[in-house]
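First to last, the sequence lines map onto chains R and H.
Just so we're aligned: the first sequence equals residues 1 to 200 in the UniProt record's numbering.
Just so we're aligned: the second sequence equals residues 1 to 200 in the UniProt record's numbering.
Number of protein chains: 2
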Amino acid sequence: MPSPVGPEIERLIQLLARLPGLGPRSARRAALHLIKKREQLLAPLAEAVRIAAERVVVCSSCGNVDTSDPCAICADARRDPSVLIVVEDVSDLWALERAAVMNARYHVLGGVLSALDGVRPEDLNLEGLVARAAAPEVKEVILALNATVDGQTTAHYITDLLSQLPVKITRLAHGVPVGGELDYLDEGTLSAAIRQRTSF
Amino acid sequence: MPSPVGPEIERLIQLLARLPGLGPRSARRAALHLIKKREQLLAPLAEAVRIAAERVVVCSSCGNVDTSDPCAICADARRDPSVLIVVEDVSDLWALERAAVMNARYHVLGGVLSALDGVRPEDLNLEGLVARAAAPEVKEVILALNATVDGQTTAHYITDLLSQLPVKITRLAHGVPVGGELDYLDEGTLSAAIRQRTSF
Chain R
1 MPSPVGPEIE RLIQLLARLP GLGPRSARRA ALHLIKKREQ LLAPLAEAVR
51 IAAERVVVCS SCGNVDTSDP CAICADARRD PSVLIVVEDV SDLWALERAA
101 VMNARYHVLG GVLSALDGVR PEDLNLEGLV ARAAAPEVKE VILALNATVD
151 GQTTAHYITD LLSQLPVKIT RLAHGVPVGG ELDYLDEGTL SAAIRQRTSF
Chain H
1 MPSPVGPEIE RLIQLLARLP GLGPRSARRA ALHLIKKREQ LLAPLAEAVR
51 IAAERVVVCS SCGNVDTSDP CAICADARRD PSVLIVVEDV SDLWALERAA
101 VMNARYHVLG GVLSALDGVR PEDLNLEGLV ARAAAPEVKE VILALNATVD
151 GQTTAHYITD LLSQLPVKIT RLAHGVPVGG ELDYLDEGTL SAAIRQRTSF
């Protein structure tokens, strides 16, 4: 069946459909929305995407994405140089920054070890991590990895990898999510929350 | 809280978040996905959005969006000139074209009458419809409007509007959706499906 839309719109729809969270139908709705809101949305988005395509680079130090290398976080002199927070992905870095809990620097692995997906140590940014963790000013490495099998496997692997270095290696606490209801939590989380209970 | 990302990426995220179907979180995921897939996705999307912003226009005849005015459908000499299909929105036009059931031309109202949303007749592309329906070659006007209160109100309004013209006015049949289960259908649909039953 020939497409009811011209090739230009069809191309836009197909590219939008490749974004996570947008299927073919929602991509069509998004494209139409863009076209209708030409001034407020389509033109600005064209500019924003162009600028991102031109300027965004991956930080050679931590693996974050930014328009400068080193990224704004690595270049920020007010960050605590003694702590490195290891994350799987840039999205995790963004999440922790939104939480604004630590004023430290990050190290993005670019994935986690996975036998299923065939992700091996050499596929991750581990060399860079060892080099950075070996820096004299670094005192602690926080493994902020997902509480999944692969995430914890990677955490153990990194712990071994850094065992020779004089750095303290920590990981995120397990427990009840803020606002979480015990009734809906799995046994593993609950037992961890009990074991790691804190004084009131 | 300062944004963890640079202004360029933040701008991209905020524009993506305004697309239907993308919330703030999924917009961040989409932006990150774009940045990671620079060559395969980000650059092509920049080009596609730019081209769409430059070339896409609204058809002055039917209200469809295309890169030419009149649009490809209006300009298509193989289309049956005797039938006009009235739709609320371009997305409905696309849906009917995908169904490829009629080889006719369309008329996009750009909305439906709605007391709630304050949409009045002068807000819709009705003048153009009357003018087109008055053309000698037009024999039938199909009101392909949503089976909602507003859609049907608009259908009745248009029927009155065109009552002086020598055109047959039809509307979509009500009935059981293909693949639909009776058990899940409302009484209105079922009674309509019974009343408008066809011989087997």
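C-beta atoms are modelled at their ideal positions from N, C-alpha and C, and glycine is treated no differently.
List, in chain order, every chain H residue whose beta-carbon is nearer than 7 Å to that of L41(R). Taking the beta carbon of L41(R) as reference, the chain H residues within 7 Å of it are L15, R18, listed in sequence order.
For the alpha helix (DSSP H) that E39(H) lies in, which residues bound it at each end? Run containing E39(H): none; DSSP gives neither H nor E here.
Three-way DSSP call (helix, strand, coil) for S82(R) in this model: strand
With 16 other Cβ atoms within 10 Å as the buried cut-off, status of D76(R): Exposed: under 16 other Cβ atoms inside 10 Å.
Excluding the five sequence neighbours on either side, which residues of its own chain have a C-beta within less than 7 Å of the C-beta of A133(H), listed in chain order? L84, V141, L162, L165, V167
Residue closest to G151(R), alpha-carbon to alpha-carbon, out of K139(R), D89(R), R79(R), A53(R): D89(R)
Which partner residues does T148(R) have in the DSSP bridge list? DSSP output for T148(R) lists no bridge partner at all.
Is it the case that the Cβ atoms of D186(R) and A144(R) are separated by a distance below 8 Å? no
When DSSP labels each residue in this structure, what does T198(H) get in the three-state scheme? coil
Within this structure, are the beta carbons of A27(H) and R38(R) separated by less than 8 Å? In this structure, R38(R) does not lie closer than 8 Å to A27(H) by Cβ.
Close Cβ partners of T67(H) (< 8 Å) along its chain, the five nearest in sequence each way excluded: R55, V56, V57
Per-residue contacts from H33(H) into chain R (C-beta, under 7 Å): Per Cβ cutoff of 7 Å: L19, P20.
For D117(H) and chain R, any beta-carbon pair shorter than 8 Å? no
Contact set for S60(H): own chain, Cβ-Cβ below 8 Å, skip 5 residues either direction: D69, P70
Find the residues of chain R that neighbour S26(H), judging by a C-beta separation of less than 9 Å, and give them in chain order. L19, P20, G21, L22
Does the distance from the CB of P121(R) to the CB of H33(H) come in under 8 Å? no
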